[in-house]
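Residue numbers (our numbering): 54 to 383. Glycine is no exception: its CB is placed at the ideal position from the N, C-alpha and C atoms.
Here is the structure:
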């Protein structure tokens with residue numbers, strides 16, 4: 054166990070297999086855990102490094118890791134969690150991992166926040182954003198119950214349609230609002246992506262995970278890992294929490310650049326050329342993205358608890374535990 058601390062928490066506490074490195078009962082603990090989840094350095098880990106990490110964890114599980122430092126075990130589990138889906142054990146493609154959300158999504162975010170976009174530009178970036186969101190939602194879903202591909206295709210279409218309709222409609226009404234001064238109209242237009250993206254991202258989660266609401270997800274005992282059954286009540290709680298996270302995620306992400314850029318645009322160096330302006334805008338958007346993602350993910354723990362009293366009667370009869378757990382998804 055390391056003696057170093059971070060905000061009062063041990064940097065490398067005594068290793069526990071399958072447990073987060075930081076406590077999940079506080080926002081700060083979840084935030085620090087999410088920094089591990091989205092660490093972009095895991096994108097560059099080789100297959101050999103992943104295999105070594107899995108072997109290390111297997112040694113610990115079999116009781117043959119007495120001389121291995123806690124730091125090495127935590128780093129091995131971090132890499133496993135970043136690369137492999139917790140339910141299927143399959144590798145998640147880098148662009149759709151949470152650690153790849155910012156590195157692969159910053160271009161889309163920057164495009165959505167470009168000032169005074171044309172109609173084709175507006176619709177293109179909303180389509181790009183919801184396409185990426187749909188893939189991330191699919192890759193990080195709760196996969197304890199199978200779902201047909203047709204469900205995801207329908208969800209993708211609904212999310213894209215919602216985003217384009219909302220953003221297009223708001224932009225249309227703002228442009229038609231001739232009573233507003235041009236400067237005011239431009240400022241308001243910069244915030245158009247916020248309601249469009251929040252609503253569309255929420256709808257995206259609901260659609261992409263609708264089958265979970267219909268069939269339920271597995272609930273289990275945390276200490277033994279024993280699956281008690283499949284619960285629609287747990288699925289509803291999981292989808293609701295994830296929807297709130299996705300609705301909140303664009304708020305700091307899409308509010309910060311429109312507030313920061315007008316200040317930076319006072320400097321001639323920023324506005325001297327269009328390329329330079331786009332470059333500065335991209336930096337501001339990427340930094341905003343990097344700040345907002347762990348904050349949003351930390352709103353709820355990924356491994357969430359549900360009271361036995363909230364479960365279906367047949368599941369309540371199968372266990373005497375006060376709480377059961379499920380994978381919320383990301």
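In the DSSP assignment, what residue or residues form a beta bridge with residue i?
i: residue 271; result: 283
i: residue 144; result: 137
i: residue 358; result: 378
i: residue 58; result: 63
Take residue i and list the residues in its own chain whose beta-carbon comes closer than 6 Å to its own, dropping the five residues that flank it on each side.
i: residue 335; result: 163
i: residue 309; result: 341
i: residue 178; result: 164, 165
i: residue 209; result: 187
i: residue 355; result: 381
Report the option in the options whose CA atom is closest to the CA atom of residue i.
i: residue 302; options: 314, 248, 262, 316; result: 248
i: residue 300; options: 364, 372, 345; result: 345
i: residue 215; options: 252, 195, 226; result: 252
i: residue 307; options: 217, 255, 338, 151; result: 338
i: residue 71; options: 372, 277, 146; result: 277
i: residue 256; options: 235, 211, 237; result: 211
i: residue 149; options: 192, 172, 166; result: 192
i: residue 155; options: 186, 143, 125; result: 186
i: residue 129; options: 311, 145, 104, 182; result: 104
i: residue 358; options: 294, 305, 180; result: 294
i: residue 87; options: 322, 305, 348; result: 348
i: residue 223; options: 250, 328, 234, 118; result: 250
i: residue 139; options: 366, 116, 172, 73; result: 73
i: residue 237; options: 181, 311, 190, 213; result: 311
With a threshold of 16 other CB atoms inside 10 Å of the CB of residue i, please say whether the residue is buried or exposed.
i: residue 100; result: exposed
i: residue 203; result: exposed
i: residue 292; result: buried
i: residue 225; result: exposed
i: residue 61; result: exposed
i: residue 57; result: exposed
i: residue 425; result: Coverage of the chain is limited to positions 54 through 383, which leaves residue 425 absent and any answer about it impossible.
i: residue 142; result: exposed
i: residue 375; result: exposed
i: residue 23; result: Nothing in the structure corresponds to residue 23, since the chain is present only between 54 and 383.
i: residue 146; result: exposed
Looking only at its chain, what residues have a beta carbon closer than 8 Å to the beta carbon of residue i, apart from the 5 residues adjacent to it on each side?
i: residue 283; result: 197, 198, 268, 269, 270, 271, 272
i: residue 265; result: 194, 195, 198, 200, 288, 291, 292
i: residue 113; result: 68, 70, 121, 126
i: residue 95; result: 131, 132, 135, 136, 150, 152
Can you list, in chain order, the residues of its chain with a C-beta nearer than 7 Å to that of residue i? Leave out the 5 residues immediately preceding and following it.
i: residue 59; result: 85
i: residue 280; result: 271, 273
i: residue 81; result: 60
i: residue 352; result: 297, 298, 301
So, is the C-beta of residue i closer than 7 Å to a C-beta in chain D?
i: residue 153; result: Annotation note: the requested chain D is absent from the structure, which comprises a single protein chain.
(message) Restricting to runs no shorter than 4 residues, where is the alpha helix (DSSP H) found entirely within the stretch 287-317?
(response) 303-317
(request) Would you mind listing the beta strand (DSSP E) stretches within the stretch 186-212 that are 3+ residues and don't spill past its ends, in chain order? (result) none
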